[in-house]
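Here is the structure we will look at, set down as structure tokens.
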Amino acid sequence: MKIKQVIPRDFSVVTMFNMAARALQLVVTVALVRILSVEDYASYTVFFTTSSTILGIAGQSIALAYVRYNTERMTKDRAYRDSLIFISHAINVACLVLLLVGSYPMAEAMGVAHPVMLAAIVYGFLLGTVQLNIAFFQSRELYAKSGVVENAKQLTLLACIALAVVLAAGSLESILASYCFSGLACFVISLTMIGKLVRHGDAAIAVDFKAGREFLAVSAWLILYSVATQLYNQANITMLASFGSTQAVAEFGVASKYFNMVLLFLPSIKTVLRVRMSKAEMTESTEKQREFAIKWFKKTTVPFGALVAICCVGAQLVFPVLNGDGYDASIPMFQILCINAFSAYVFAPASALIMSLNRYGLQFAIALISLAINLVGNYLLIPLYGGIGTSIATTISQIALNVMMTVVVFRVGAKSIKLG
0 MKIKQVIPRD
10 FSVVTMFNMA
20 ARALQLVVTV
30 ALVRILSVED
40 YASYTVFFTT
50 SSTILGIAGQ
60 SIALAYVRYN
70 TERMTKDRAY
80 RDSLIFISHA
90 INVACLVLLL
100 VGSYPMAEAM
110 GVAHPVMLAA
120 IVYGFLLGTV
130 QLNIAFFQSR
140 ELYAKSGVVE
150 NAKQLTLLAC
160 IALAVVLAAG
170 SLESILASYC
180 FSGLACFVIS
190 LTMIGKLVRH
200 GDAAIAVDFK
210 AGREFLAVSA
220 WLILYSVATQ
230 LYNQANITML
240 ASFGSTQAVA
250 EFGVASKYFN
260 MVLLFLPSIK
270 TVLRVRMSKA
280 EMTESTEKQR
290 EFAIKWFKKT
300 TVPFGALVAI
310 CCVGAQLVFP
320 VLNGDGYDAS
330 IPMFQILCIN
340 AFSAYVFAPA
350 SALIMSLNRY
360 GLQFAIALIS
370 LAINLVGNYL
380 LIPLYGGIGT
390 SIATTISQIA
400 LNVMMTVVVF
410 RVGAKSIKLG
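Per numbering that gives the first Met the number 0, numbering of the sequence shown is gapless, rising by one per residue and ending at 419.
This is the structure we're talking about:
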């Protein structure tokens, strides 16, 4: 059976845009590693990790449930009018207010200056708004539009960083300002695109608080699951900053950036699988879900295993060229994280499949167990191995998460949920 029968055709569209975005991210990563000092890069790592966590909690967690809920509703009722976009943004704004109030203790806990934490909160909020707008497109299978938004962010960021280097010698403050401006520009672009769809009659939206309450009631466990999984990176950096050194934080930050490059295809895969698994024909057939998982495992193990092996070997040659001599210690961290990447690819359908079973509470419990493994692993291993210990703890906990969710898919039946 050909791989295109396992992966939807829309995967190629999403991948094309995602590859362009990752290429731009690589340019930004190399530039920042070269421009910033080790101390500034450690602060940048805290900024980026914190903003990503805020994005995950206030943006991606809601967006994940949003795509799941909206896709199923629209496949069952073509007259459905989307009211969740307003409610989702309101939740994101509420999170912004709470985080701004707690910004001082957060900065002290992470060991960074207060302006760095404020920038992280603002950027995380802006990314959350953009992610919610992207979810609006993805739930309608408008993958090209969501790809345009993502690439607009990366292009704007690259241009702003270039200006920061020319005008401000690439200072940490100018780099953080560049990130915030790129997030704002991307939000305006995505909002304009949504407005155009609505004006042309290609999307229908409405204010319906009853639908919002139903969405939150149905999706509460799914949102909590996403929040738990988004806490991984923040836990890693917080514990590494507390029990390790500034150098270790910077080295792990570099390894994590390149690890995200290895995950080049994963966002595309998960985006398409999330929509595919949310359609009525999949949510109503446990047999189809399990059949899909088996096909995926058979088709992906060898190619993704080869990809990860090449990355592990190539890191020894490529890292010194890209990063100079200051981050050689990040190579073994990256190689350990590559094992995590292999697991993520092979078990990519797990989260989408368990969502299609409507077993959100069980999914959240699995995420908590995995997070606990990560926290205990960091606590035990960081004093002994520094950033390498964090890499080991992350990899073990993520593999445990993927394996447990896959077992649930094959052992537990679907749970019926009424919509509307």
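In this text, a Cβ means the ideal position worked out from N, Cα and C, and glycines have one as well.
Bridge-paired residues (DSSP) for residue i
i, result
"Ile204", "Asp81"
Run of the alpha helix (DSSP H) containing residue i, from where it starts to where it stops
i, result
"Tyr40", "Val37 to Ile53"
"Ser329", "Ser329 to Val345"
"Asn322", "Thr285 to Asn322"
"Gly252", "Thr245 to Val261"
"Glu172", "Leu171 to Arg198"
"Arg410", "Gly386 to Arg410"
"Ala351", "Pro348 to Ser355"
"Tyr142", "Tyr142 to Ala167"
Rounded straight-line distance, which links the Cα of residue j to that of residue i
i, j, result
"Gly58", "Phe136", "15 Å"
"Lys287", "Ser244", "49 Å"
"Thr270", "Glu172", "33 Å"
"Ile133", "Leu141", "9 Å"
"Ala216", "Ile222", "10 Å"
"Cys311", "Ile86", "43 Å"
"Glu71", "Met404", "21 Å"
"Met354", "Ser218", "10 Å"
"Ala119", "Ile204", "31 Å"
"Ile416", "Leu356", "Unreliable placement is indicated for Ile416, whose pLDDT of 42 sits below 50; no coordinate value is reported for it."
"Val29", "Asn322", "7 Å"
"Tyr178", "Leu156", "6 Å"
"Leu125", "Ala314", "33 Å"
"Ala161", "Phe186", "21 Å"
"Met238", "Gly110", "11 Å"
"Gln362", "Arg67", "14 Å"
"Lys152", "Lys297", "36 Å"
"Leu400", "Ile338", "14 Å"
"Phe409", "Arg289", "6 Å"
"Ile365", "Thr394", "16 Å"
"Tyr359", "Ala351", "11 Å"
"Tyr231", "Leu374", "9 Å"
"Asp324", "Val317", "11 Å"
"Gln233", "Tyr326", "21 Å"
"Asp39", "Thr285", "50 Å"
"Arg33", "Leu166", "17 Å"
"Ile309", "Thr389", "23 Å"
"Gly101", "Ala108", "11 Å"
"Val37", "Leu379", "25 Å"
"Met105", "Leu263", "31 Å"
"Ser267", "Gly169", "32 Å"
"Phe341", "Ile391", "14 Å"
"Val407", "Trp220", "16 Å"
"Phe242", "Ala202", "50 Å"
"Asn257", "Ala240", "Residue identity check: residue 257 is Tyr in the sequence provided, not Asn. Computed Cα separation, rounded: 20 Å."
"Gly200", "Arg139", "13 Å"
"Asp81", "Phe208", "11 Å"
"Ala176", "Leu265", "29 Å"
"Ala184", "Ala158", "12 Å"
"Lys3", "Val261", "Caution applies to Lys3, whose pLDDT of 45 falls short of 50 and renders its modelled position unreliable; the value that the coordinates give is listed next. Each residue's Cα considered, the two are about 22 Å apart."
"Val402", "Tyr344", "12 Å"
"Leu83", "Arg212", "10 Å"
"Gly419", "Arg273", "For Gly419, the predicted model reports a pLDDT of 46, less than 50, meaning its position is unreliable and no value from the coordinates is stated."
Count Cβ pairs between the segment 58-72 and the segment 242-260 that sit closer than 8 Å; are there 3 or more? Because the criterion of three Cβ pairs below 8 Å is not met, the segment 58-72 and the segment 242-260 do not touch.
Which full runs of the alpha helix (DSSP H) of 4+ residues lie inside the segment 60-137, going along the chain? Taking only runs of at least 4 residues, the alpha helix (DSSP H) segments lying wholly in the segment 60-137 are 60-75, 83-100, 102-109 and 113-137.
Between the segment 48-57 and the segment 80-94, do three or more beta carbon pairs fall short of 8 Å? Yes, the segment 48-57 is in contact with the segment 80-94.
Contact the segment 194-201 vs the segment 40-48: 3+ CB pairs below 8 Å: The answer is no - the segment 40-48 does not touch the segment 194-201, with fewer than three Cβ pairs under 8 Å.
Should the segment 378-393 be regarded as contacting the segment 328-341, the criterion being three or more beta carbon pairs within less than 8 Å? Touching, yes.
Under 8 Å, with one C-beta from each stretch per pair, do the segment 222-237 and the segment 298-307 reach the 3-pair mark? No contact exists between the segment 222-237 and the segment 298-307.
Decide if the segment 141-150 is in contact with the segment 180-193; the criterion is three or more beta carbon pairs, one per stretch, under 8 Å apart. With contact defined as three or more Cβ pairs closer than 8 Å, the segment 141-150 and the segment 180-193 are in contact.
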